[in-house]
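Reviewing the structure listed below.
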Amino acid sequence: MPTTSTPTTLSPAELSYLHTSLTQTPPLRPDLRSPTEFRPLRAETDLLPTCNGSAHVSLTDGSEALVGIKAEVHRTAGANVTKRLDEEMHEKMSLDEPSSTISAAAAGLNSNRKPRGHPDWISLNVDISTLRDDDPLLIFLSEMLREPLLTTSSATTTAANLADMLVINSNWHWHLHIDILLLSPFTASGTSYPLPLLSLATHLALRSARLPKLKSQGEEDPLVDDDWESSLFLFPPPTSARKPDSASGNAGANEHSIPPEAGRLSMPPITLLVMTVNSNIIFDPSHSELAVADAVLAVSVAFSDTTTHHHHHDDAQTPTLLAIRTIETPARDTMRGVPAAGEVVEGELVPGVWKPKVGGVKREVLKRVVRAVVGTGGDELGVAREVFDGLEAFLRS
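Counting from 792, one number per residue, gives the positions in the sequence shown under our numbering.
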């Protein structure tokens, strides 16, 4: 599996000092951040005029990413086959059942069948200037960013993913092309692992993405409105951008966003990078902190809108865990230190002497990571909710 970073230039003594600092309670980070504090970032959206959605995000360590999203109307493969199977099923039922039973069963068949999306409807490409196009890291990052978009939340039985939101009708659908460019060289010393940066940039680009408004209805061939001002947001805009209802004066569903459905995603998912050092959990680790990590986890979370179509109870929503991936830590590739007295017995730890940890992650540590990310309910919201609230505040400003 690709490692999280380029080889570190820290000596065993520096690694030991940094590891000891991060094992304190609370951990002493090199930049004096708290365990759940993220690095400051700058972001802007809607900067590429020829894209349906775009975003540019940069971090304080010099890392920056640019994301552009374009949408096309494609014909759904196998739509005619599905229609023919329905006709054959209806004909078969007509030979065995009375007419009244046929009509009821056919009505139930048509009403229960809801078009679902397909993973091939989303194309995601990651480009890093210092890496070859066939580099394993690019493929790994692409799938890490694409998987959460296609993962169905288990919070509700009617939960949908991004591909399900691209359905126009049984014959047509939207196809999204997501192109991600890491502008900063990944091989530069001091550059952190780009996964959370790319995830946040993709999230903001999807939040700003707009699709042309359709003039067609039902099973008609798609006919879009040429007026871009009437285009619809793929995801609901921030609360302050929603226009008030004429009757109540309260903020309701925005007329410039796609009408919400039960179980659909109210926000695109994000992937957070979390590292553990002994029993400490640290979010958004820097390049030097990753060099001494006992384990590195990529945690993907999302919000599912389970409220009614006319009201959005944002405070009642909680993030849903989509997936957890382990990433190879660069600490495994570092050289261990040698004590002044010479070699020691294998497996024996010497205080102040650096030695990479071997083995996996304990289940109790994984449980604590999940609780820290999604929260435990009540007043404890979790880090993911704070990140979503921060992104929402940025889009609202």
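We put the beta carbon where it would ideally sit given N, CA and C, even for glycine.
DSSP places D970 in the strand class (E or B) of the three-state scheme. The distance from the Cβ of P840 to that of W1145 is about 51 Å, inconsistent with a contact at the 8 Å cut-off.
Secondary structure of E828 (DSSP, three-state): coil. Within the DSSP secondary-structure output, T1111 pairs in a beta bridge with A1093.
Residue environment analysis places D1180 among the exposed positions, since fewer than 16 neighbouring C-beta atoms fall within 10 angstroms of its C-beta. At the C-beta level, V1083 and H847 stay beyond 7 Å of one another. Excluding its 5 nearest sequence neighbours in each direction, S845 has C-beta neighbours in its own chain below 8 Å: T836, D837, L838, L839, L857, V858, G859, I860, A996 and S999, listed in chain order.
Under the three-state reduction of DSSP output, P987 falls in the helix class.
Between the alpha carbons of H968 and V1015 lies a distance of about 19 Å. With a cut-off of 8 Å on Cβ pairs, the stretch 1067-1080 is in contact with the stretch 1155-1162, counting three or more such pairs. F1094 and P1142 have their alpha carbons spaced roughly 44 Å apart.
A buried status is given to W912, since no fewer than 16 other beta-carbon atoms sit within 10 Å of its beta-carbon.
When rounded, the separation of the alpha-carbon atoms in P1027 and R866 is 26 Å. Residues H966 of the same chain have their beta carbon placed closer than 6 Å to that of E863, with the five preceding and five following residues left out of the count. DSSP places F1074 in the uninterrupted beta strand (DSSP E) bounded by N1071 to F1074. Measuring C-alpha to C-alpha distances from A992 to each of A834, R820 and T1167 identifies A834 as the nearest.
Annotation for M935: L986, T1062, A1089 and R1116 place their beta carbon closer than 7 Å to its own, counting only its chain and skipping 5 residues before and after. Here the alpha carbon of E1183 sits roughly 20 Å from the alpha carbon of L1113.
V1149 sits in coil when the DSSP states are folded into three classes, being neither helix nor strand. Scanning its chain for C-beta atoms nearer than 7 Å, with the 5 sequence neighbours on each side dropped, one finds around S854 the residues S975, T982, S983, P985 and L988, in chain order.
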